[in-house]
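Enquirer: This is the structure I want to talk about, given as structure tokens.
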Amino acid sequence: MKTLYLMRHAQKEIDNTKDDYDIELTQEGITNTINFCKKLKEKNITIDMILTSPATRAEQTAQIIAEELNYDGIITRNEVIYKAFLNELLETLSYTYDNINSLFMVGHNPAIGTLAFKLTKLRENFEMGSIARIDFDCDSWLDINEENAKLIYFEKGI
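Counted from 1, the sequence shown has number 18 at position 19 by numbering that gives the first Met the number 0; the numbering is strictly sequential.
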């Protein structure tokens, strides 16, 4: 079985003077992510790998997730996730080594929400800080698809 956690970065600043890539989380976004991690801890999740967009707000979200969930591995930054199209996210997932059973991906809309919809028909708005857990009944990331995907939960950002 493979488990995918899809998360849209937490609440970001509204700053028209910065390039979109460099926009940071608000203090509210940081606090909400820390509080959200407490909920995730109650679910006893395990993470084998964190994969994130290198945009500042996504990296900050991934760092908080790693710290709060005691993830001691490397946070992998993948430029493809920033401004990705659906097929690019699916391809990125297919490159994941099969010894990784639980993958946490932090990214952006519309791609993250579109990926969740493609795999599970989830029609919820993927607001900032939202997360979906999707389990796949397969042993390889090459084999993940909507036929072996099951939405375990979806939680809107807080």
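Built from N, CA and C at the ideal position, the CB exists for glycine as well.
1) Excluding the five sequence neighbours on either side, which residues of its own chain have a C-beta within less than 8 Å of the C-beta of K11, listed in chain order?
2) According to DSSP, is Y152 part of a helix, a strand, or is it coil?
3) Work out the CA separation of L102 and T162 for me, nearest whole Å.
4) Do the CB positions of L50 and I130 come within less than 8 Å of each other?
5) Could you name the residues of the same chain whose beta carbon sits closer than 7 Å to that of D14, not counting the 5 residues immediately before and after it, in chain order?
6) Grab me the residues of Q62's own chain with a C-beta within less than 6 Å of its C-beta, minus the 5 sequence neighbours each way, in chain order.
7) So I133 packs on K155, CB below 8 Å; how close in whole Å?
8) With a Cβ-Cβ cutoff of 8 Å, do T91 and I74 count as a contact?
9) Using 8 Å for Cβ pairs, my map puts T60 next to T32. What's the rounded Cβ distance?
10) Judging by CA-CA distance, which residue of D136, L121, N77 is the nearest neighbour of N147?
11) Residues in its own chain within less than 6 Å of Y152 by CB, not counting five upstream and five downstream?
12) Can you list, in chain order, the residues of its chain whose CB lies under 7 Å from that of I111, leaving out five sequence neighbours each side?
13) Check whether the Cβ atoms of N100 and D47 lie closer than 8 Å to each other.
14) Run through the region 73-145 for me and flag every whole alpha helix (DSSP H) of 4 or more residues, listed as ranges in chain order.
15) Where does the unbroken beta strand (DSSP E) through T2 begin, and where does it stop?
16) Do you know how far the Cα of K42 is from the Cα of D71?
Expert: In this structure, then:
1) I22, E23, L24, T25, G28, R56, M127
2) strand
3) Shown here, the chain extends from 0 to 157; a query on residue 162 therefore has no answer.
4) no
5) I22
6) none
7) With a Cβ gap of about 16 Å, I133 and K155 do not count as contacting.
8) With contacts defined by Cβ atoms closer than 8 Å, T91 and I74 do not form a contacting pair.
9) 6 Å
10) D136
11) R132
12) Excluding positions up to five away in sequence, the list reads L5, R7, F125.
13) Between N100 and D47, the gap from beta carbon to beta carbon is short of 8 Å.
14) 85-93, 110-119
15) For T2, the enclosing beta strand (DSSP E) starts and ends at 1-7.
16) 19 Å
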